[in-house]
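What follows is a short report on a single structure.
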Amino acid sequence: MNHNVKNICCIGAGYVGGPTMTMMASKCPHISFKVVDINQERIESWNDENLLKLPIFEPGLKELVAKTRNKNLFFSTNVKEAIEISDIIFISVNTPTKKRGLGAGKSSDLKWVEACAREVGKFSKGHTIVVEKSTLPVRTAEVIQKILNSEASDAKNEKSFRVLSNPEFLAEGTAINDLENPDRVLIGGEDKSAMRLLSQIYENWVPKEKILLTNIWSSELAKLTSNAFLAQRISSINSISAICEATGADIREVSRAIGKDSRIGSKFLDSGPGFGGSCFKKDILNLVYLAEYFGLKEVAKFWEEVVNINNWHQKRIAKIVVQKLFGTISEKKIIILGFAFKANTNDTRESAAIKICKDLLEEGAELVIHDPKVNPLQIEIDLKVKQFSDIKNESIDYPKNNLGNWKFSKNLNIFDNAHAVLVLTEWEDYKNIKWDHVAKKMKKPAWVFDARSIVNEDLIKKSGMNMWSLGDGSSKNDIRDF
Ligand code: UDX
Ligand code: ADP
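Whatever position you read off the sequence shown (first residue = 1), add 3 for our numbering.
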């Protein structure tokens, strides 16, 4: 086997592949990295000369791309060429939940992974290490290995493959730091020399004791389990937020108190509008599918409830907005602050904002949506409702279709005549809003609904508005009607 890795490629230039290869290129200047994708527009954005159109917003990414691009990092649509010359190939393509057929709604659709494996099998030369990087169901490595082996036997043993699992643990918004200082790097496989080779790449910047070598199934299952545990914490704290509201407790105080227990720890205890992102729901559903497949009904039910609570919680927030606004929001202007699934990303996949906004539109609301990084075209795709250009232009009649409308605003000059503000993403911009100015512009009684606990309640109360803060039961009776 060639122990001198010169070329690495990554198939899939998305939220995982792009930042991961950029970090590797910056830490391994002696290796050439190619990130390839079938989506030409995406590759053109990565190659944008002035780095203004990178397809992903991620703090610190632009600077790192500027340092490495066209030196030892290249973005291209030439998948075949990249595969041919590479010693190691990362697979980092999309693996959404299946919509139809066996396992629909639960297991991941491996269509894109399979297509990649076939291409690698066809175009690779000599000995190649194939690394699964996307989040995948347990035993996918076996599927990849089988496809590759069938290609290798057709090629009369002129090529050989080793498949490794090397799951990604980066979180969006903090991806660069997570990649640079990972808690651990997990490498699962059977072939010790292939595992050592991949480990040596990471050792260029990751301390060796943080690199864990496991068998391939443990590595795949550890990734699903990590995400399931993290998501479970959020569903747990969100379920307690509802109890806080009912009893007069305050979820922030409860979180702080339990987080001081070193066995529990303080991270991932912020109650919010429900977890989003491309991984949590998909990974839990994969776990549920796996458990069902092996006849472990109780295990499946346990994990499915984490997703059920998340759905219920998002519905609950939309319901509270309607109830507080006298049971109807038809034609009422509601400001939505934040559409991304968390701050510091332009990603909206599975964002709580999608479900909550859909429910509010269903009730006939007129939404004005602000987000510093999300593209309004993406919101249109997510809501499946076209943007309406003239919301609250008092001179026009609204279409009476019992469905509300929405429009996007790039700035925060949007509060005129609004009945309510709903904070859904914890962007820094929203922490410094001058609420006393806002209060003067809004219709009375004005409401601020804070699903992220970032708004200063005292300022809202001082400015004469009503406030609902998620999980804060202490102010439940303190409602001003003017
Ligand atoms: C997650 C995992 O953290 C990461 O290790 C894995 O590789 C991919 O999935 P990501 O989805 O990018 O990362 O973001 P994360 O920070 O985990 O947040 C997920 C969701 O949980 C967001 O909607 C976030 O707002 C929410 N969240 C997180 C809370 O509601 N409360 C918290 O305390 C933490
Ligand atoms: P992730 O969050 O896992 O990175 P993304 O959806 O952001 O997922 O990115 C996956 C990328 O993989 C997309 O840009 C898609 O075009 C690309 N892709 C899917 N299948 C293939 C393939 N067979 N060859 C090359 N690229 C692919």
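We treat Cβ as the ideally placed atom computed from N, Cα and C, and that holds for glycine.
Here the structure is a predicted model, which is why all the values come from computation and not from measurement.
Unbroken beta strand (DSSP E) run spanning residue i, endpoints
i           : result
residue 163 : 162-168
residue 2   : In the structure displayed, the chain extends from 4 to 485; residue 2 sits before or after that span and is not available.
residue 134 : 129-135
residue 189 : 188-191
residue 371 : 369-373
residue 41  : Run containing residue 41: none; DSSP gives neither H nor E here.
residue 10  : 10-14
Inter-residue Cα distance where the pair is residue i and residue j
i           : j           : result
residue 428 : residue 140 : 30 angstroms
residue 463 : residue 55  : 37 angstroms
residue 237 : residue 87  : 44 angstroms
residue 259 : residue 269 : 7 angstroms
residue 291 : residue 224 : 12 angstroms
residue 467 : residue 331 : 22 angstroms
residue 471 : residue 314 : 20 angstroms
residue 13  : residue 343 : 26 angstroms
residue 199 : residue 295 : 35 angstroms
residue 388 : residue 426 : 21 angstroms
residue 430 : residue 373 : 11 angstroms
residue 262 : residue 239 : 13 angstroms
residue 475 : residue 380 : 34 angstroms
residue 247 : residue 320 : 14 angstroms
residue 123 : residue 435 : 50 angstroms
residue 401 : residue 334 : Residue placement at residue 401 is poorly supported in this model, since its pLDDT is 49, which falls under 50; the coordinates are not used for a value here.
residue 89  : residue 188 : 22 angstroms
residue 26  : residue 145 : 28 angstroms
residue 242 : residue 96  : 34 angstroms
residue 377 : residue 138 : 24 angstroms
residue 450 : residue 469 : 5 angstroms
residue 177 : residue 347 : 8 angstroms
residue 169 : residue 201 : 9 angstroms
residue 41  : residue 126 : 15 angstroms
residue 339 : residue 73  : 40 angstroms
residue 418 : residue 48  : 34 angstroms
residue 57  : residue 226 : 28 angstroms
residue 323 : residue 473 : 10 angstroms
residue 358 : residue 318 : 8 angstroms
residue 164 : residue 65  : 34 angstroms
residue 265 : residue 272 : 13 angstroms
residue 67  : residue 50  : 13 angstroms
Burial state of residue i (16 or more Cβ within 10 Å)
i           : result
residue 94  : buried
residue 9   : exposed
residue 129 : exposed
residue 99  : exposed
residue 311 : exposed
residue 235 : buried
residue 69  : exposed
residue 440 : exposed
residue 399 : Caution applies to residue 399, whose pLDDT of 49 falls short of 50 and renders its modelled position unreliable; the value that the coordinates give is listed next. Under this definition residue 399 is an exposed residue.
residue 364 : buried
residue 147 : buried
residue 43  : exposed
residue 33  : exposed
residue 280 : buried
residue 251 : exposed
residue 284 : buried
residue 384 : exposed
residue 423 : buried
residue 519 : No answer is possible for residue 519: the residues shown for the chain start at 4 and end at 485.
residue 437 : exposed
residue 210 : exposed
residue 267 : exposed
residue 277 : buried
Range of the contiguous alpha helix (DSSP H) that encloses residue i
i           : result
residue 181 : 178-183
residue 222 : 219-250
residue 71  : 64-71
residue 363 : 355-365
residue 204 : 195-205
beta-carbon residue i near ligand 4 non-hydrogen atom, thresh 7 angstroms
i          : result
residue 12 : No copy of ligand 4 occurs in the structure displayed; its ligands are ligand 1 and ligand 2 alone.
Contact with chain C by residue i, beta-carbon distance below 8 angstroms
i           : result
residue 113 : Judged by its chain identifiers, the structure shown contains no chain C, having just a single protein chain.
Distance cut 5 angstroms, beta-carbon to ligand 1 heavy atom: residue list by chain order = 172, 174, 175, 237, 271, 273, 275, 278, 279, 280, 282, 344 and 345
Pick out the complete alpha helix (DSSP H) segments inside the segment 387-471, 4 residues or longer, and give them in chain order.
-> 438-444 and 460-465
Whole alpha helix (DSSP H) runs in the segment 263-339 with 4 or more residues, listed along the chain?
-> Along the length of the segment 263-339, whole alpha helix (DSSP H) runs at least 4 residues long occupy 283-296 and 300-327, reported in chain order.
Can you check the segment 48-117 for any beta strand (DSSP E) of at least 3 residues that lies completely inside it and give the ranges in chain order?
-> 76-79 and 91-94
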